[in-house]
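Q: So the protein sequences, as listed, match chains A and B. Here the working numbering is used: the first residue of the first sequence is 1, the next is one more, and so on. Here the working numbering is used: the first residue of the second sequence is 1, the next is one more, and so on. Cβ coordinates follow ideal geometry from the N, Cα and C atoms, glycine included. These figures come from a predicted structure and were not determined experimentally.
Protein chains: 2
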Amino acid sequence: MHSFAEENYLKTILKLHLCGVQVITTNELAEAMHTKASSVTDMLKKLAAKKLLKYEPYKGCLLTNSGKTVATNTLRKHRLWETFLVNTLSFSWDEVHEVAEQLEHIQSDKLIQQLDVFLGFPTHDPHGDPIPQLDGKIAASPFFTLDKAKPDKQLVVCGVLNHSPDFLKYLTQYGIQIGSHLKMIQINAFDSSIALVLDQKQPLNLSKEVVKNLLVKYNTNQYE
Amino acid sequence: MHSFAEENYLKTILKLHLCGVQVITTNELAEAMHTKASSVTDMLKKLAAKKLLKYEPYKGCLLTNSGKTVATNTLRKHRLWETFLVNTLSFSWDEVHEVAEQLEHIQSDKLIQQLDVFLGFPTHDPHGDPIPQLDGKIAASPFFTLDKAKPDKQLVVCGVLNHSPDFLKYLTQYGIQIGSHLKMIQINAFDSSIALVLDQKQPLNLSKEVVKNLLVKYNTNQYE
DNA sequence: TAGCTTTTTTAGACAAGTCTAAATATTTTT
DNA sequence: AAAAATATTTAGACTTGTCTAAAAAAGCTA
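1) First and last residue of the beta strand (DSSP E) that includes A/Met184?
2) Taking DSSP's pairing of strands, which residues face A/Tyr55 in a bridge?
3) Measuring alpha carbon to alpha carbon, tell me which residue in B/Gly128, B/Phe84, B/Phe143 is nearest A/Phe118.
4) Does the beta-carbon distance from B/Val23 to B/Met33 come in below 8 Å?
5) Would A/Ser108 be called buried (16 or more neighbouring beta carbons within 10 Å of its own) or exposed?
6) Of the residues that make up the segment 87–108 of chain B, which ones have a beta carbon closer than 9 Å to any beta carbon in chain A?
7) With a threshold of 7 Å on Cβ separation, who are the neighbours of B/Leu214 within its own chain once the five nearest residues in sequence on each side are excluded?
8) In terms of DSSP beta bridges, what is A/Gly159 paired with?
9) Taking contact to mean at least 3 C-beta pairs separated by less than 8 Å, is the segment 49–60 of chain B in contact with the segment 112–131 of chain B?
10) Along the chain, which unbroken stretches of the beta strand (DSSP E) at least 3 residues long are found entirely within the segment 60–115 of chain B?
11) For the putative contact between B/Ile13 and B/Leu80, defined by C-beta atoms under 8 Å, what is the C-beta separation to the nearest angstrom?
12) Looking at chain A, is there any beta carbon in it that lies within less than 8 Å of the beta carbon of B/Leu115?
13) For the ligand SAM, any of its heavy atoms closer than 7 Å to the Cβ of A/Asp116?
14) Where do the ends of the alpha helix (DSSP H) carrying B/Leu146 lie?
15) Roughly how many whole angstroms lie between the Cα atoms of B/Gly67 and A/Ala30?
16) Is the segment 117–133 of chain B touching the segment 81–101 of chain B, taking contact as three or more C-beta pairs under 8 Å?
17) Which residues, in order along the segment 111–135 of chain A, keep a beta-carbon less than 7 Å from a beta-carbon of chain B?
18) Can you give me the start and stop residues for the alpha helix (DSSP H) that B/Leu18 sits inside?
19) In or out: B/Ala71 buried (at least 16 other Cβ within 10 Å) or exposed?
20) Is the distance from the Cβ of A/Ile106 to the Cβ of B/Val99 below 8 Å?
21) Quick one: Cα of B/Glu104 to Cα of A/Val197, how far?
22) Exposed or buried, which one is A/Asn8 when buried takes at least 16 other CB atoms within 10 Å?
23) Using C-beta distances below 7 Å, list every residue in its chain close to A/Asn162, excluding the 5 sequence neighbours before and after it, in chain order.
24) Check whether chain B comes within 8 Å of A/Lys217, counting only Cβ atoms and requiring the distance to be less than that.
25) Please confirm whether A/Lys153 and A/Lys201 have their CB atoms less than 8 Å apart.
26) Just the C-alpha distance for A/Cys19 and A/Ile194, rounded to the nearest angstrom, thanks.
27) Could you spell out where the beta strand (DSSP E) holding B/Val197 opens and where it closes?
28) Work out the CA separation of B/Pro151 and B/Gln186 for me, nearest whole Å.
29) Under 8 Å between the Cβ atoms of A/Ser141 and A/Pro130?
30) I need the boundaries of the alpha helix (DSSP H) containing A/Pro165, first residue and last residue.
31) Roughly how many whole angstroms lie between the Cα atoms of A/Cys61 and A/Lys45?
32) For B/Glu101, which option in B/Val211, B/Asp166, B/Lys11, B/Lys110 has the closest C-alpha, if you only look at C-alpha atoms?
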């Protein structure tokens, strides 16, 4: 139906939308796609001709409903496959992205339907990102970054903003993963680093770069 | 590493090899690939330049060792994915081919390795075809077509030669699947059809077209 | 072996997607 | 508001893989 390239452009535009960008410019998209602005212009014209997005030269683009459907579906497939790789095939969370980038383009409604059943209708992928549902709904993240947390409250790690293997490996090395329990002690004024306690064990210090990319929530089930 | 098109050509050449064709001609390949002879010539030149096969104009082609490796690996991936779709995601054997044609091109050694582990190192796919092993070895089929069977011996259905959905649905409709037990009664001289008994139940008549595409073996475990 | 048929290759075209370099808009600065 | 800087688009080229139509080679046939 749609080419890999088309699906990739639409998915990237959707992800920028989800990050709060309203109208996406050619250069923003070129950077996100690791390609050149001229290539983006060519593709935007093609996608506009297919009515998958609105495109005004020099003004940027905006997904139409049908473009949003394609993009959401591609994102759904990507996140379901990431969940499969981690939950079923023992991949670690820093290894899945590249493979899921390929798997997300497989065309088969039944395949994704059955994968969803097999995985037990997961709501979040291994990085804590919400999996778009079949009707296109994407749950808003109820999580916040660690630097926004109140001190001395029990927190649970729920996801990451940065998905780079380097960052994910860093977290793994310090024993931080989805579900880890921690308590924020204080923000150090000098470098905005944060002192915290992980899993009732030794104290730890995390830089502001790390802290701003770590999604947490307050632990409401601490007496379970 | 190699494009989808290249992998498809190499895989098709390997499959023709496995069916006993030694040197493959341009027209044979064009028919098997559902494409035109001129397109085949172009691709053969490219694959020969990459040393994946030997190509002599007007004489046909022959896989080199490295070409054989790529082809075997693609076939291995195809058959592992078919096994996954049937065993894990509840696909029927007539639904898997098209999806596996896409999945076989996913590039990730770890993915296939882990899939193999998850499936329990299967040796045959849902159509009874042997799954090439990691070292490239492909088990020779110990099965034979039903028209070669001796009468009145217990047989087990092990696979098919024709993989078309029409044929597979036909078999399913008559209750024939991998593992079905049957006994050949007699060959009818008039139309070469075969009378048989399926699973100790009602007698059945199968046309010579069906019989020549059904792989069976003698049941050596009938007292288990 | 000369002529006919079939097979295969070549030549030239096209579509998708990308790129560089040049041209044109837009925005910012002064 | 004109000049400079930045952003975007256009023009033309390249790659991959395909096709049609025409040319060339190979294989038959008599």
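A: On the basis of the supplied data:
1) Boundaries of the beta strand (DSSP E) harbouring A/Met184: 181–187, taken from the DSSP string.
2) Beta-bridge pairing links A/Tyr55 to A/Cys61.
3) It is B/Phe84 whose Cα lies nearest to the Cα of A/Phe118.
4) No, they are not a contact pair.
5) The residue in question, A/Ser108, is buried, as its Cβ has 16 or more Cβ neighbours within 10 Å.
6) Shown in chain order are the members of the segment 87–108 of chain B whose Cβ falls below 9 Å from a Cβ of chain A: Thr88, Leu89, Ser90, Phe91, Glu95, Glu98, Val99, Gln102, Leu103, His105, Ile106, Gln107, Ser108.
7) Around B/Leu214, the same chain offers Thr145, Leu146, Val157, Val160 as residues with beta carbons nearer than 7 Å, after the five sequence neighbours per side are excluded.
8) Note: A/Gly159 sits in a beta bridge opposite A/Leu215.
9) Because the criterion of three Cβ pairs below 8 Å is not met, the segment 49–60 of chain B and the segment 112–131 of chain B do not touch.
10) Within the segment 60–115 of chain B, the complete beta strand (DSSP E) runs of at least 3 residues are 60–63.
11) Not a contact, Cβ separation roughly 20 Å.
12) Cβ-Cβ to chain A under 8 Å: yes for B/Leu115.
13) Although the ligand SAM was asked about, the structure shown includes no ligands whatsoever.
14) For B/Leu146, no alpha helix (DSSP H) segment is defined, and its DSSP state is neither H nor E.
15) One C-alpha to the other measures close to 37 Å.
16) Look at the beta carbons and you see the segment 117–133 of chain B touching the segment 81–101 of chain B: at least three pairs across the two are nearer than 8 Å.
17) So the list reads Leu111, Gln114, Leu115, Phe118, given in the order they occur along the chain.
18) Per DSSP, B/Leu18 belongs to the alpha helix (DSSP H) from 4–18.
19) So B/Ala71 counts as buried.
20) Yes. Within cutoff.
21) Near 46 Å, if we compare the C-alpha coordinates of A/Val197 and B/Glu104.
22) The residue in question, A/Asn8, is buried, as its Cβ has 16 or more Cβ neighbours within 10 Å.
23) Cβ within range, chain order: Asn213.
24) Interface criterion not met: the Cβ of A/Lys217 is under 8 Å from no Cβ in chain B.
25) Not in contact: A/Lys153 and A/Lys201 (Cβ atoms no closer than 8 Å).
26) Distance between the alpha carbons of A/Cys19 and A/Ile194: 25 Å.
27) Note, B/Val197: beta strand (DSSP E), 194–198.
28) Note on geometry: alpha-carbon atoms of B/Gln186 and B/Pro151 lie some 6 Å from one another.
29) A/Pro130 sits close to A/Ser141, with the two beta carbons spaced by under 8 Å.
30) A/Pro165: member of the alpha helix (DSSP H) spanning 165–173, first to last residue.
31) Linking A/Cys61 to A/Lys45 through their CA atoms gives a straight-line distance of about 10 Å.
32) Comparing Cα positions, the closest option is B/Lys11.
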